[in-house]
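Q: Be aware that the sequence shown starts at 3, since it is given in my numbering, and climbs by one per residue.
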Amino acid sequence: MTPTSTTHYDPLSRAFHWLTAIAVTIAFVLAPEGFGRLMRNGVDPATLSDIVWHETLGMVVFGLTVLRLLWVAVRPAAPQITMASWMHLASKAAHLALWALMLALPISAVLALGSEGHPLTLLGGLRVDQMPLIANSAVADLADWGEVHEVLGDAIMWLAGIHAVAAIYHHVILKDGVLKSMLPQRAVR
């Protein structure tokens, strides 16, 4: 494909970015405190809408991330914005870490649910009660996957916050078009 703009990401890339950002943020806000304790006390996760939404949004993030990765392979070229080499390197590292977290978070959630025998509950009544491939595997005992998931969730929010602050810094201080490249073209004229 040929680039349609040298200053903006294509519309699909922008949509993927903002939909993922919204889904990650809402999933984080809805993350149930003491999930494992609730389940051990016999609470059915399907009866708690925040858990159902949290798990559904986690799967949405995973799906969007896979689709984004496929789109990155074929999309028009990303905008090339001139910046210091250390900023370019930091940007690449932060983006790589965000990509890894967007994949690792849903995977760690499924590992936590499967290894602890909790169901995966999604909107529309979709429910996976047993995950024997996970529960009976050596992976289940490698870590406390619920704790790993919690740490990764905190990490993605911190990194996303730093990412947002950097974009605002580029917009307000450097005025180099980094933030504008991810906004709709008509919104930044």
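Each residue gets a CB set at the ideal place from its N, CA and C atoms; glycine is no exception.
Looking only at C-alpha atoms, which of Ala-23, Leu-71 and Leu-105 sits nearest to Leu-154?
A: Position 152 of the sequence shown holds residue 154. Nearest C-alpha to Leu-154: Leu-105.
Q: If I follow the unbroken alpha helix (DSSP H) through Ser-87, where does it start and stop?
A: As a first step, residue 87 must be located in the sequence shown, where it is residue number 85. It spans 87–118 - the alpha helix (DSSP H) in which Ser-87 sits, taken as one unbroken run.
Q: Between Leu-122 and His-151, how many whole angstroms is the CB-CB distance? I'm expecting something under 8 Å.
A: On the sequence shown, position 120 is the one that residue 122 refers to. On the sequence shown, position 149 is the one that residue 151 refers to. Going by Cβ atoms, the distance from Leu-122 to His-151 rounds to 13 Å, so no, they are not a contact pair.
Q: CA-CA distance, Arg-16 and Glu-149?
A: Translated into positions along the sequence shown, residue 16 becomes position 14. Translated into positions along the sequence shown, residue 149 becomes position 147. One C-alpha to the other measures close to 32 Å.
Q: Output the boundary residues of the alpha helix (DSSP H) element that contains Gly-36.
A: Counting from 1 along the sequence shown, the entry for residue 36 is found at position 34. Where Gly-36 is concerned, there is no enclosing alpha helix (DSSP H), given that its DSSP letter is neither H nor E.
Q: Can you give me the Cβ contacts of His-172 inside the same chain, cut-off strictly under 7 Å, excluding the 5 residues immediately before and after it?
A: Stepping through the sequence shown from its first residue, residue 172 is reached at position 170. Here the set comprises Asp-178, Val-180 and Leu-181.
Q: Please look up how many angstroms separate the CB atoms of Asp-12 and Arg-77, rounded, as I've assumed it's under 8 Å.
A: One-based indexing of the sequence shown puts residue 12 at position 10. One-based indexing of the sequence shown puts residue 77 at position 75. The Cβ separation is near 6 Å, so the contact holds.
Q: Consult DSSP for Val-180 and reduce its assignment to one of helix, strand or coil.
A: In the sequence shown, residue 180 corresponds to position 178, counting from 1. Val-180: coil per DSSP, three-state reduction.
Q: Enumerate in chain order the residues of its own chain whose CB-to-CB distance from Leu-161 is below 8 Å, with the five nearest sequence positions on each side excluded.
A: Indexing the sequence shown from 1 puts residue 161 at position 159. Within the same chain, Leu-161 has close Cβ partners Ala-96, Ala-99, Leu-100 and Leu-103.
Q: Which of the three DSSP states, helix, strand or coil, is assigned to Arg-77?
A: Indexing the sequence shown from 1 puts residue 77 at position 75. In the structure shown, Arg-77 sits in coil (DSSP, three-state: anything other than H, G, I, E or B).
Q: In terms of residue numbering, what span does the alpha helix (DSSP H) encompassing Ala-48 cover?
A: Looking up residue 48 in the sequence shown gives position 46. Here Ala-48 belongs to no alpha helix (DSSP H), and DSSP marks it neither H nor E.
Q: Ignore the nearest five residues each way along the sequence and tell me which others in Met-61's own chain have a CB closer than 7 Å to its CB.
A: Counted from its first residue, the sequence shown places residue 61 at position 59. If we look at Met-61 and ignore the five residues flanking it on each side, its Cβ neighbours are Pro-108 and Leu-124.
Q: Provide the residue span of the alpha helix (DSSP H) that contains His-10, from first to last.
A: Numbered from 1 along the sequence shown, position 8 holds the residue referred to as residue 10. Segment: none, His-10 is in no alpha helix (DSSP H) and carries neither H nor E.
Q: Just to confirm my understanding: we take Trp-73, look at its own chain, exclude 5 residues before and 5 after, and list those with CB closer than 7 Å. What are they?
A: By 1-based counting over the sequence shown, the position of residue 73 is 71. Around Trp-73: Leu-14, Ser-15 and Phe-18.
Q: Keeping to the same chain, check which residues put their C-beta closer than 7 Å to that of Met-159; ignore five residues upstream and five downstream.
A: Along the sequence shown, one-based indexing puts residue 159 at 157. Phe-30.
Q: What residue from Leu-59, Asn-138 and Gln-82 has the CA that sits closest to Thr-27's CA?
A: In the sequence shown, the residue the question calls residue 27 occupies position 25. Considering only alpha carbons, the answer is Leu-59.
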